[in-house]
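Take a look at the structure below.
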Amino acid sequence: MHSSVEQERQAVISKLIARFEKENPGITVKQVPVEEDAYNTKVITLSRSGSLPEVIETSHDYAKVMDKEQLIDRKAVATVISNVW
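Take 1373 as the starting number for the sequence shown in this note's numbering and just add one per residue.
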């Protein structure tokens, strides 16, 4: 899920997905573009319903919202990136 709804950006993402799927047989990626204005609400709603996709676009703005909504596992983040907090 990402907020790149412009056709040009979706075309680039489609190429990246195709390359990833070729390099990772058996894994299928579905591109789900969401309007930027609705993105935070969509992430929160999907999370509360237990329906978040496995991969979502994030930035510092989205990360703040996800942290506020307690969607971020800080222990997991700390394991991957030491001294995050």
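Yeah, the Cβ is synthetic: ideal placement off N, Cα and C, and Gly gets one too. Nothing here was measured: the structure is a model prediction, and the numbers come from that model.
About 15 Å separates the beta carbon of Val-1437 from that of Glu-1407, a gap too long to meet the 8 Å contact definition. According to the DSSP assignment, Ile-1385 belongs to the alpha helix (DSSP H) that extends over 1379-1395. As the crow flies, the alpha-carbon of Ile-1453 is around 15 Å from that of Ala-1435. In the DSSP annotation of this structure, Val-1427 is not part of any alpha helix (DSSP H), being labelled neither H nor E.
Distance from the Cα of Val-1401 is smallest, within the candidate group Asp-1409, Val-1415, Asn-1412, Leu-1388, for Leu-1388.
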